[in-house]
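Here the structure comes first, spelled out in structure tokens, and everything after it is commentary.
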Amino acid sequence: MGIDIGGSGIKGAPVDLSIGELAEERIRIDTPQPSTPSAVAGVAAEIVASFSYDGPVGCTIPSVVKHGVVATAANIDDGWIGLDGRELLERSLRTPVTLLNDADAAGIAELAYGAARDVPGLVCLLTFGTGIGSALFADGTLVPNTEFGHLEFRGGEAEDYASARIRKDENLSWEDWGVRVGEYLRHIERVISPDLFILGGGVSRRLEKFEQYLECSTPIVPAQLRNNAGIVGAALAASSQ
Ligand code: BGC
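Converting from the sequence shown to my numbering requires adding 1262 to each position, the first position being numbered 1.
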């Protein structure tokens, strides 16, 4: 089973790992505000209890996670920082938990079932939403917690220049936003020279609106798993612990 903890919603469902799809319709509950660890863990427990599921659970969080300990909190309450989130969730869900970064989970799902499947070399998945999440794979091995959304770029952080949130907040046209995303991709190209970019997040469904503005020499493809990549990747990560 996978649970995707985000800044606005917490979503979860059991996953059929043989095909990488949800085994039952997912449940979504608004993220409690403030999104303190105990409030979020309570919602996660409620979601697990809604299914007759008994087994390990994978949870994503929009944070750097090192061995279960949460190190950053970009879109959730600061109370998570420094906390052993895995231990908290295991107590709350009463089952073994794997806790990992949300973009890393989406990347794990794309690697197993989607756009990164059987792709050799260096693959970089970027998710465009409130922030920019990143997942990096070298010949199929995840390099966790890359955080390319926080690269310093144009005098600030990249996700404050080119995330999907900025497109809306600044009312940018697809062209203006696409040009920004292209600049950002070229910056990442200079740093890591990837073989493939996979673009995820809601905007990946609208790639035809802005792909013509993405001037960059690395091939670019949309993510294939769409909304449920986090849930599927988290479940897969939990099953392989
Ligand atoms: C966070 C990342 C996260 C990304 C997408 C960023 O602000 O720092 O950990 O993967 O947002 O949610």
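Even glycine gets a Cβ: it sits at the ideal position worked out from N, Cα and C. Owing to the predicted nature of the structure, the values given are computational and were not obtained by experimental measurement.
Helix, strand or coil for Gly1463 per DSSP? The residue you call residue 1463 lines up with position 201 of the sequence shown. Correct three-state label for Gly1463: coil.
With a cut-off of 8 Å on the beta carbons, I'd call Leu1345 and Ala1365 a contact; round off their distance for me. Stepping through the sequence shown from its first residue, residue 1345 is reached at position 83. Stepping through the sequence shown from its first residue, residue 1365 is reached at position 103. The Cβ separation is near 20 Å, so there is no contact.
One question on the structure: do Glu1286 and Phe1313 come within less than 8 Å of each other, judged by their Cβ atoms? By one-based count along the sequence shown, residue 1286 stands at place 24. By one-based count along the sequence shown, residue 1313 stands at place 51. Contact flag set, yes.
With Pro1530 as the anchor, note down where its beta strand (DSSP E) starts and where it stops. As shown, the chain starts at 1263 and ends at 1503. That puts residue 1530 outside it, with no answer to give.
Grouping DSSP H, G and I as helix and E and B as strand, with all else coil, what is Ile1265? Locating residue 1265 in the sequence shown gives position 3, where the first residue counts as 1. Ile1265: strand per DSSP, three-state reduction.
Short check: CB of Asp1266 to CB of Thr1322, under 8 Å? For the purposes of this step, residue 1266 is identified with residue 4 of the sequence shown, where counting begins at 1. For the purposes of this step, residue 1322 is identified with residue 60 of the sequence shown, where counting begins at 1. Going by C-beta atoms, Asp1266 is nearer than 8 Å to Thr1322.
Leu1398: first and last residue of the uninterrupted alpha helix (DSSP H) it sits in: Residue mapping note: residue 1398 aligns to position 136 of the sequence shown, counting from 1. It is not in any alpha helix (DSSP H) - Leu1398 instead sits in the beta strand (DSSP E) that spans 1394-1400.
Tell me whether Asp1364, by its Cβ, gets closer than 7 Å to a heavy atom of ligand 1. Numbered from 1 along the sequence shown, position 102 holds the residue referred to as residue 1364. Checking every heavy atom of ligand 1 against the Cβ of Asp1364, one is found closer than 7 Å.
In angstroms, rounded to a whole number, what distance separates the CA positions of Val1326 and Asp1316? If you number the sequence shown from 1, residue 1326 lands on position 64. If you number the sequence shown from 1, residue 1316 lands on position 54. Cα to Cα, the separation comes out at about 27 Å.
For Asp1422, which residues of its own chain have a beta-carbon under 7 Å away from its beta-carbon, when the five flanking residues on both sides are left out? Locating residue 1422 in the sequence shown gives position 160, counting from the first residue. Closer than 7 Å at the Cβ level, and outside the excluded window around Asp1422, lie Ile1428.
Distance between beta carbons of Ala1400 and Leu1384, contact taken as under 8 Å: For this step, residue 1384 is matched to residue 122 along the sequence shown. For this step, residue 1400 is matched to residue 138 along the sequence shown. Yes, Leu1384 and Ala1400 are in contact; Cβ-Cβ is about 6 Å, under 8 Å.
Return helix, strand or coil for Asn1407, following the three-state DSSP convention. If you number the sequence shown from 1, residue 1407 lands on position 145. Residue state, collapsed to three classes: coil.
Kindly examine ligand 2 and report whether one of its heavy atoms sits closer than 7 Å to the Cβ of Gly1369. What this structure holds is ligand 1, not ligand 2.
Between which two residues does the beta strand (DSSP E) containing Gly1330 stretch? What you label residue 1330 is simply residue 68 of the sequence shown in a count that begins at 1. Premise fails: Gly1330 is in no beta strand (DSSP E) and is neither H nor E.
Compute the distance between the beta-carbons of Pro1299 and Leu1350, then report whether it is under 8 Å. Here the question's residue 1299 lines up with position 37 in the sequence shown. Here the question's residue 1350 lines up with position 88 in the sequence shown. Going by C-beta atoms, Pro1299 is nearer than 8 Å to Leu1350.
In or out: Asn1433 buried (at least 16 other Cβ within 10 Å) or exposed? On the sequence shown, residue 1433 is found 171 positions in, with the first residue counted as 1. Label assigned to Asn1433: exposed.
With DSSP run on the structure shown, which of helix, strand or coil describes Gly1271? The residue given as residue 1271 occupies position 9 in the sequence shown. Strand.
Would you list the residues sitting across from Val1277 in a DSSP beta bridge? Your numbering for residue 1277 matches position 15 in the sequence shown. According to DSSP, which records beta bridges pairwise, Val1277 is partnered with Leu1284.
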